[in-house]
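Comments concern the structure below.
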């Protein structure tokens with residue numbers, strides 16, 4: 001599997017916020033293809049000209065793709081119409097649910113919300129993770145008010161104008177206070193063009209414009225607002241209210257239709273460049289240029305580049321233009337537009353298929369473009385992942401103040417299976433790519449890490465695993481497994497009743513590479529824990545890490561990278577013929593840090609085999625070298641997102657152990673494998689971006705550091721390294737720039753090394769705890785009062801430490817750190833009280849079990865397991 005698979009997986013699976021769409025038809029109207037022709041899913045044409053749509057490339061492509069949605073062949077357009085009709089009549093909800101899979105939230109321009117053919121905006125809630133929100137169309141508000149005025153006794157023009165002005169301003173202000181409303185939309189582009197005057201006309205001119213509008217319609221036919229002074233005023237007034245309310249902390253942007261539309265539009269005046277004076281005049285009001293502004297994408301991108309209040313929406317051209325056109329539009333958008341100013345929308349309307357096609361085609365185009373940029377070196381994989389997740393979810397989440405946490409629950413209701421549709425397309429895509437790329441794989445190992453940091457595994461033939469990945473089968477594990485020790489002792493409150501279910505995370509699929517030889521080719525995948533009802537379990541270590549990552553991104557717009565240093569000692573096993581026990585001795589003695597002694601050189605083939613095996617699995621190493629202890633080496637993994645970093649860490653450790661075993665050696669992570677020598681750590685490097693609030697984040701970590709250590713130094717043996725003078729972080733909660741005798745070493749802005757971490761920890765929980773404490777620092781705006789320490793803090797006097805704000809000693813035992821954790825209410829609430837409680841029970845039972853052994857037996861017991 002190549003290194004781009006995490007990017008591909010994110011693009012195909014990440015939940016989306018659809019920042020501009022429209023209501024769906026009710027069931028009866030969805031079969032009325034005369035009033036709502038299905039050909040309109042890829043064309044803005046109407047009437048007779050829509051008949052030509054069937055010969056366009058976008059519609060032919062859509063026809064071929066819809067065969068997958070319907071689960072039946074579509075050789076021609078009649079097949080599409082028949083399949084659509086069958087689905088709507090037999091399982092309309094199923095069609096909608098499938099079409100909106102992966103959609104976290106819809107922001108609906110519900111102009112037709114009161115039309116009898118259309119479902120209400122909140123009706124859509126049952127098909128998405130979060131509730132649906134409204135986008136208020138300002139011209140529709142104006143038309144409704146004009147109808148109300150026309151229905152009553154009309155008075156003089158100026159009086160009518162004053163009445164209308166007050167009502168419109170009141171309606172916009174009321175919408176600003178409505179929690180269901182997250183923004184506004186203007187179709188002035190359709191009515192009088194985007195050359196909107198940034199300054200209001202005088203009341204006499206506006207009154208005349210309103211009277212002309214009143215004269216242009218009737219109470220029966222309605223009123224079309226298309227007189228330029230009035231239309232420009234509606235936009236100006238809305239922006240004024242938005243700008244005023246923003247100062248009070250209420251942020252609701254104004255969306256503009258730009259670019260292509262039906263033949264009711266003046267295409268020349270649909271160029272968003274006309275909006276430049278208006279954008280400059282209302283510089284505090286957020287403005288969204290809808291529909292990729294096609295064919296004026298570059299002009300819109302320029303505006304989003306040079307004005308901080310402008311965003312570019314990438315909707316409507318999916319599926320309205322060809323594949324090449326879509327990819328070109330994306331590339332043009334990225335030419336100038338900052339990626340944090342790009343939003344995604346389907347412009348889905350009426351038929352569910354419009355949502356499905358738009359989302360599918362956008363993900364395909366985004367994958368093609370971003371993968372190409374990564375391969376050319378324009379983006380790193382991590383940068384491309386951030387671009388993708390920002391566009392799909394986070395930019396809209398921030399702009400509209402939604403405060404949502406991304407959640408994706410793939411799968412199709414069982415009653416829909418009777419209609420023969422395929423399983424979740426994103427899962428199928430990722431799985432199919434892996435199978436096609438690795439046809440030799442015969443088995444897949446599904447793994448999870450328990451609270452003792454033991455890697456648990458179930459092995460499946462590839463055919464059976466495919467069924468699991470496609471949710472056709474479930475793998476249940478006894479709940480007792482989450483409370484079991486290394487010798488299978490079940491701790492309290494572990495129960496033999498009940499199950500949790502393993503859900504494979506396909507982004508973590510790794511080939512086992514040569515480490516599995518001479519066995520058949522196999523792969524490894526990490527898992528999440530799910531409940532009977534397929535909900536995420538808060539007690540799952542991977543879920544805990546994923547949840548806090550999502551919260552940091554959604555609530556603070558902060559992204560993280562994480563990298564690990566793997567330290568191992570290679571030991572030579574020798575069997576004592578008298579006792580029958582195995583004795584382990586260092587595999588090298590003529591050995592020192594970063595030196596290639598003659599004895600060390602003998603390890604080069606082993607080290608290179610480890611590297612080549614990791615490369616074959618898609619895991620890279622930045623470097624590897626001899627460390628200080630006899631037979632000790634360090635392998636440094638690159639920085640990636642935290643969940644992927646821990647996945648890679650687990651896989652890399654398994655490779656190192658397996659390759660060493662083939663060479664007749666034992667590779668151990670034991671923190672003190674040689675009691676008299678230096679020990680093993682698993683230092684973590686954590687980077688935040690942007691680093692503007694790094695002091696709050698660091699302050700949160702330092703404030704809760706002793707509680708963090710219950711996860712990072714998770715066994716009694718780990719505390720043998722809480723000592724001064726051995727470059728392991730010394731004995732006090734402190735930080736310093738490039739100071740290896742503080743537990744937190746600052747390397748550069750926004751980049752720290754956490755030293756109190758070793759190979760006996762469950763690293764998912766360890767990193768989750770570190771990030772959670774940083775989150776607490778951000779949420780509380782915790783100031784960094786502790787000053788930089790430039791020496792080993794243990795060498796300072798109490799007064800000297802106090803002057804630096806260094807007042808808290810590190811725990812010297814597991815029981816001490818557990819006691820601090822169990823008393824840290826804010827951290828417990830964030831990680832989950834049940835997780836913290838269960839973890840504490842397991843770790844105390846494990847500690848008691850190990851401390852009951854003689855010291856030498858305990859040492860050997862850990863060497864053989866870690």
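Residue numbers (the UniProt record's numbering): 1 to 866. Note that the Cβ used here is the ideal one computed from N, Cα and C, for glycine as well.
Nearest-angstrom beta carbon gap, residue j and residue i [assumed within contact, 8 Å]
| i | j | result |
| --- | --- | --- |
| residue 786 | residue 804 | 7 Å |
| residue 43 | residue 59 | 7 Å |
| residue 257 | residue 30 | In fact, because the Cβ distance is near 25 Å, the residues do not count as touching under 8 Å. |
| residue 316 | residue 291 | 4 Å |
| residue 312 | residue 337 | 5 Å |
| residue 806 | residue 789 | 6 Å |
| residue 289 | residue 303 | 7 Å |
| residue 555 | residue 634 | The pair is not a contact, with the Cβ atoms about 36 Å apart (cut-off 8 Å). |
| residue 874 | residue 272 | There is simply no residue 874 to check, as the chain begins at 1 and stops at 866 in what is shown. |
| residue 604 | residue 707 | Contact flag wrong, Cβ pair sits at about 42 Å. |
| residue 245 | residue 176 | 5 Å |
| residue 874 | residue 265 | Only positions 1 to 866 of the chain appear in this structure, which leaves residue 874 out of reach. |
| residue 263 | residue 340 | Incorrect: roughly 35 Å between the Cβ atoms, too far for contact. |
| residue 909 | residue 194 | The shown model of the chain, from 1 to 866, leaves out residue 909, and the question about it has no answer. |
Within 8 Å, strictly: CB atoms of residue i and residue j
| i | j | result |
| --- | --- | --- |
| residue 172 | residue 160 | no |
| residue 524 | residue 510 | yes |
| residue 652 | residue 614 | yes |
| residue 235 | residue 188 | yes |
| residue 356 | residue 391 | no |
| residue 663 | residue 863 | no |
| residue 183 | residue 120 | no |
| residue 143 | residue 211 | no |
| residue 568 | residue 405 | no |
| residue 41 | residue 354 | yes |
| residue 867 | residue 318 | Given that the chain is displayed from residue 1 to residue 866, the structure contains no residue 867 and the question cannot be resolved. |
| residue 700 | residue 823 | no |
| residue 469 | residue 431 | yes |
| residue 630 | residue 674 | yes |
| residue 714 | residue 812 | no |
| residue 455 | residue 449 | yes |
| residue 37 | residue 385 | no |
| residue 696 | residue 792 | no |
| residue 168 | residue 147 | no |
| residue 209 | residue 230 | yes |
| residue 486 | residue 452 | yes |
C-beta neighbour in chain D for residue i, strict 8 Å
| i | result |
| --- | --- |
| residue 73 | Here chain D cannot be found, since the structure has a single protein chain. |
Those residues which DSSP pairs with residue i across a bridge
| i | result |
| --- | --- |
| residue 459 | 445 |
| residue 625 | 634 |
| residue 204 | For residue 204, which the question treats as bridged, DSSP gives no partner whatsoever. |
| residue 523 | 444, 511 |
| residue 586 | 571 |
| residue 562 | 640, 686 |
| residue 536 | 530 |
| residue 504 | 527 |
| residue 476 | 501 |
| residue 579 | Answer is none; residue 579 lacks a bridge partner. |
| residue 350 | 24 |
| residue 105 | 17 |
| residue 751 | 687, 748 |
Answer yes if the region 715-730 comes into contact with the region 584-601, meaning at least three C-beta pairs across the two stretches below 8 Å, and no otherwise. no
Counting beta carbon pairs with one atom in the region 732-750 and one in the region 837-845, are three or more of them shorter than 8 Å? no
Contact the region 646-662 vs the region 742-758: 3+ CB pairs below 8 Å: no
Are at least three pairs of beta-carbons, each pair with one atom in the region 541-556 and one in the region 461-481, less than 8 Å apart? no
At 4 residues or longer, and completely inside the region 123-167: list those alpha helix (DSSP H) runs for me, N to C. 138-151
With three or more C-beta pairs closer than 8 Å as the rule, is the region 362-376 touching the region 134-150? no
Three or more C-beta pairs under 8 Å: does that hold for the region 189-205 against the region 269-286? yes
Quick check for students: name the residue ranges of the alpha helix (DSSP H) that lie wholly in the region 254-322, counting only runs of 4 or more. 276-281, 297-306, 317-320
Three Cβ pairs or more, each shorter than 8 Å: is that satisfied between the region 557-572 and the region 476-483? no
Contained beta strand (DSSP E) runs [length at least 3] in the region 708-741, N- to C-terminal order: 735-737
Which runs of the alpha helix (DSSP H) fall wholly inside the region 779-832 and span at least 4 residues, in chain order? 798-804, 814-822, 825-831
List, from N- to C-terminal side, the alpha helix (DSSP H) runs of 4 residues or more that fit wholly inside the region 170-238. 188-191, 203-215
Counting beta carbon pairs with one atom in the region 591-602 and one in the region 618-629, are three or more of them shorter than 8 Å? yes
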